[in-house]
Ligand code: SF4
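In the working numbering, the protein residues as written are 311 to 568.
Below, the structure written as structure tokens:
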């Protein structure tokens, strides 16, 4: 497990003010609602993607996203609004993998636009990771949920769903050829490595992969949002930043080498 260092302001500080972690923790409450995009706007912005034969080899990430829109490899497409493909610069050197789209991602068709994504953006900025060097995607590309009244409660994808969706993750990797793959949480680790490993076993270490890329595991930002105790939140935040700073160091080293 990565050592947790005490980080100094501004970059390592626990975020305060608007958009802060504390606000994000209360994202369902009235105090933070102003920072969120209205769901009705997200639905209006969602465009149905053209469906393309998934068996032909996509030559671009855009073509791949169109293929993903027609995927029926597991049952998750049946109840989701739409597929949520990866997003970012096609020459990104870092691939960040999350778990699955959440409610807001499902409505917008874009990854990491909900509370976890907002927290990730803040953490990347504090850790000094240039967002434009990162391509973000999910291990599973349709929203898995359980209806509860008017709400849709997140449900964790199972191993079969993660393995079925590796088809798309592998193609994203083949097209991007990232130098560093960062798995955010256990689902992402399984998607990236094809086997289950505890986050605590791999966390914070840069590892070599067979294809020449390197690999870093850390927690999913949603795990920070679930914490209740203030001291746990601060410790988790510092640990998350410590992991993300390894991405910043990797990017600097990679730029020097190229
Ligand atoms: S979750 Fe992945 S494998 Fe399952 S239908 Fe959606 S794109 Fe296909």
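In this text, a Cβ means the ideal position worked out from N, Cα and C, and glycines have one as well. What you are looking at is a predicted structure, and each value in this text was computed from that prediction instead of being measured.
Straight-line gap, residue i to residue j (C-alpha atoms, nearest Å)
i           : j           : result
residue 459 : residue 530 : 27 Å
residue 557 : residue 379 : 31 Å
residue 496 : residue 473 : 13 Å
residue 386 : residue 467 : 9 Å
residue 434 : residue 381 : 31 Å
residue 498 : residue 441 : 19 Å
residue 370 : residue 512 : 31 Å
residue 566 : residue 401 : 17 Å
residue 475 : residue 487 : 18 Å
residue 520 : residue 559 : 22 Å
residue 480 : residue 539 : 38 Å
residue 563 : residue 536 : 34 Å
residue 357 : residue 390 : Because residue 357 sits at a pLDDT of 45, beneath the cut-off of 50, its placement in the model cannot be relied upon, and the following sentence gives the value as read from the coordinates. Residue 357 and residue 390: Cα-Cα distance of roughly 14 Å.
residue 568 : residue 561 : 11 Å
residue 542 : residue 516 : 25 Å
residue 366 : residue 388 : 23 Å
C-beta atoms of residue i and residue j nearer than 8 Å
i           : j           : result
residue 450 : residue 471 : yes
residue 421 : residue 453 : no
residue 546 : residue 493 : no
residue 419 : residue 392 : yes
residue 436 : residue 490 : no
residue 431 : residue 424 : no
residue 534 : residue 406 : no
residue 438 : residue 555 : yes
residue 525 : residue 502 : yes
Environment of residue i [buried if 16+ CB atoms lie within 10 Å]
i           : result
residue 372 : exposed
residue 532 : buried
residue 416 : buried
residue 482 : buried
residue 409 : buried
residue 375 : buried
residue 504 : exposed
residue 549 : buried
residue 396 : buried
residue 344 : Reliability fails at residue 344, whose pLDDT of 38 lies under 50, so the model's placement of it is uncertain and the value that follows must be treated cautiously. So residue 344 counts as exposed.
Beta-carbon contacts of residue i that lie in its chain and below 8 Å, excluding the five residues immediately before and after
i           : result
residue 469 : 500 and 506
Cut-off 7 Å between Cβ atoms - residues of its own chain near residue i, not counting five sequence neighbours on either side
i           : result
residue 477 : 383
residue 398 : 444, 445 and 446
residue 465 : 454, 455 and 456
residue 518 : 524
residue 394 : 411, 415, 416, 419, 420, 421, 448 and 451
Close beta carbons around residue i, own chain, < 6 Å, minus the five adjacent residues each side
i           : result
residue 462 : 413 and 455
residue 485 : 371
residue 332 : Low local confidence applies: a pLDDT of 47 at residue 332 is under 50, so the model's placement there is unreliable, with the coordinate-based value given in what follows. Nothing meets the Cβ criterion.
residue 522 : none
### Task
Give every residue whose Cβ lies closer than 5 Å to any heavy atom of the ligand SF4, listed in chain order.
381, 383, 384, 386, 387, 450, 451, 452, 474 and 475
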